[in-house]
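Numbering (the working numbering), first residue to last: 1442 to 1750.
Yeah, the Cβ is synthetic: ideal placement off N, Cα and C, and Gly gets one too.
Notes to accompany the following structure.
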C-alpha cells in the first residue's frame, strides 16, 4: 500500500535516511532557501527532504521542502527500494501510466484535514510560514498546491474536473493572485465562468500525498481524470472527499482552502524567481478570495525550492 497522506511518506523517507529534521532556530529568509539549495547542490541526486521545525516568527511551524527532489525519494514514492536506478524507475512509472483506464476512486466520509475549520476572520499569514525564496520576489508565494476546479457549464460532470498545480501570490489575509495561462485547464473553466460574470469555485490543497503532487503537475489531456491517474500510479484506489460545492479533493491533504476566482478582476502578480535563472515580470493576473480554511492539527506546510539557481 502506498501513501494516503504526506505524513506517512515523510515517515518512510525518515526510515530510509531521506528526511533531515532541522530543529535549530532558522530565519525564514534566507535560511530555508539557502539550506534547500545547499542540499540540492551538495548532495545532488541523493538529496534528502528537509523538515524545518523551529522557524523564527512562527508558532509550531512545520515546513518541508525537497520532498520530490531526488531519485531515492522518487523511488520510495513508487514503493520501490530507494536505490532503484532512474532507468528502472522510468520504466516502472511508464508501466503504471499505461494502466490509466484501470484507475479507481474511493469516496471517504471524513478526512484528517477536517480537524480544524476557519470561516471567519481568515488570516493566511497566521496559518502558514510564508517566506520569499528569492530576494527579487515580488511577495510571498504558495508554490506547491494542487488546485481543483470544474467546468461551470457542466458542474455535475466528474470528467470536467481538473486537478492542477498552480502558483499563487499572497495578496492579503484572505486574498491571492493566481497565474493561470490560457492553455491551463483551469483557465478554460474560469473563462466559462467569466463569460457569465460568475465566480469560479476552486479548492486549493496543500501538503498533499506525493503521488497527486506529481500528477497535478503532469500535462494530461483535457478531460483526463487526475485522480484515476494517481490511482494507476499507486496501483490502488485513490481516496477523496467531496466538498459541499461538489469539488472532490484529496483525502490526505494538510490544508484545504475553499474559495473562488473573481470575474472581471485582475491585480498585479510578480515578479518571481524562476528555475531558469531569471525573474518573471509583473503581470495582471486573476484574483482569488478564500472563504474557508481546513487544516490538520499542527499542519505540515510543503514548499518547493524551484527558484533561481
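Taking 7 Å as the limit between beta carbons, can you name the residues of its chain near residue i, skipping five residues before and five after?
i	result
residue 1448	1741
residue 1554	1694, 1695, 1696, 1697, 1735, 1736 and 1737
residue 1631	1621, 1641, 1702 and 1727
residue 1488	1480, 1481, 1507, 1510 and 1511
residue 1566	1614
residue 1522	1516
residue 1636	none
Determine the direct distance from the alpha carbon of residue j to that of residue i, and round the result to whole angstroms.
i	j	result
residue 1539	residue 1599	21 Å
residue 1730	residue 1612	10 Å
residue 1571	residue 1445	25 Å
residue 1594	residue 1619	21 Å
residue 1475	residue 1573	11 Å
residue 1727	residue 1524	43 Å
residue 1584	residue 1605	12 Å
residue 1512	residue 1527	7 Å
residue 1714	residue 1578	6 Å
residue 1563	residue 1617	13 Å
residue 1581	residue 1466	21 Å
residue 1603	residue 1718	30 Å
residue 1544	residue 1684	21 Å
residue 1601	residue 1457	39 Å
residue 1471	residue 1596	44 Å
residue 1627	residue 1723	21 Å
residue 1673	residue 1625	23 Å
residue 1623	residue 1716	21 Å
residue 1468	residue 1608	23 Å
residue 1531	residue 1451	22 Å
residue 1497	residue 1536	45 Å
residue 1533	residue 1661	19 Å
residue 1502	residue 1689	28 Å
Along the chain, where does the beta strand (DSSP E) containing residue i start, and where does it finish?
i	result
residue 1700	1696 to 1710
residue 1733	1724 to 1736
residue 1613	1602 to 1613
residue 1744	1742 to 1744
residue 1679	1679 to 1683
residue 1691	1689 to 1691
residue 1513	Element bounds for residue 1513: not the beta strand (DSSP E) but the alpha helix (DSSP H), 1512 to 1518.
residue 1504	1504 to 1506
residue 1559	1557 to 1559
residue 1418	The chain is shown only over 1442 to 1750; residue 1418 falls outside these bounds and no answer can be derived.
residue 1443	It is not in any beta strand (DSSP E) - residue 1443 carries neither H nor E in the DSSP assignment.
residue 1617	1616 to 1619
If I measure Cβ to Cβ from residue i and keep anything under 6 Å in the same chain, skipping five residues before and after, which residues do I get?
i	result
residue 1552	1682 and 1692
residue 1453	1517
residue 1556	1737 and 1738
residue 1720	1577, 1712 and 1714
residue 1746	1477 and 1506
residue 1649	1587, 1691 and 1694
residue 1568	none
residue 1549	1680, 1682 and 1692
residue 1671	1652, 1653, 1656 and 1679
residue 1638	1704
residue 1499	1570
residue 1610	1580, 1582, 1618 and 1710
residue 1459	1489, 1513 and 1514
residue 1658	1606
residue 1663	1626
residue 1675	1443 and 1652
residue 1560	1733
Please list the terminal residues of the continuous alpha helix (DSSP H) segment that includes residue i.
i	result
residue 1653	1651 to 1657
residue 1452	1447 to 1456
residue 1665	First-last for residue 1665: undefined, no H or E at that position.
residue 1627	1626 to 1636
residue 1568	1565 to 1568
Excluding sequence positions up to five away, which residues of its chain have a Cβ less than 8 Å from the Cβ of residue i?
i	result
residue 1463	1476, 1491, 1492, 1493, 1494 and 1495
residue 1725	1707, 1708, 1709 and 1710
residue 1558	1733, 1734 and 1735
If I'm right that residue i touches residue j with Cβ under 8 Å, what's the distance once you round it to whole angstroms?
i	j	result
residue 1775	residue 1733	With the chain running from 1442 to 1750 in the structure shown, residue 1775 is simply not present.
residue 1586	residue 1645	5 Å
residue 1678	residue 1589	That pair is no contact at about 18 Å.
residue 1443	residue 1520	5 Å
residue 1744	residue 1504	6 Å
residue 1592	residue 1633	6 Å
Can you check whether the C-beta of residue i is within less than 8 Å of a C-beta belonging to chain D?
i	result
residue 1553	Among the chains in the structure shown there is no chain D, since it carries only a single protein chain.
Flag residue i as yes when its Cβ comes closer than 7 Å to any non-hydrogen atom of the ligand GDP, and as no otherwise.
i	result
residue 1468	Ligands in the displayed structure: none, and consequently the ligand GDP is not present.
Please list the segments of the beta strand (DSSP E) lying wholly inside the region 1573 to 1601, counting only runs of 3 or more residues, in order along the chain.
Contiguous beta strand (DSSP E) elements confined to the region 1573 to 1601 occur at 1581 to 1591, taking only those with 3 or more residues.
Report the start-end ranges of each beta strand (DSSP E) in the region 1460 to 1492 that is 3 residues or longer and not cut off at the edges.
List check, beta strand (DSSP E) in window: 1460 to 1463.
Report the residue ranges of all beta strand (DSSP E) runs contained in full by the region 1528 to 1554; include only those spanning at least 3 residues, in chain order.
At a cut-off of 3 residues, the continuous stretches assigned as beta strand (DSSP E) that sit fully inside the region 1528 to 1554 are 1546 to 1548.
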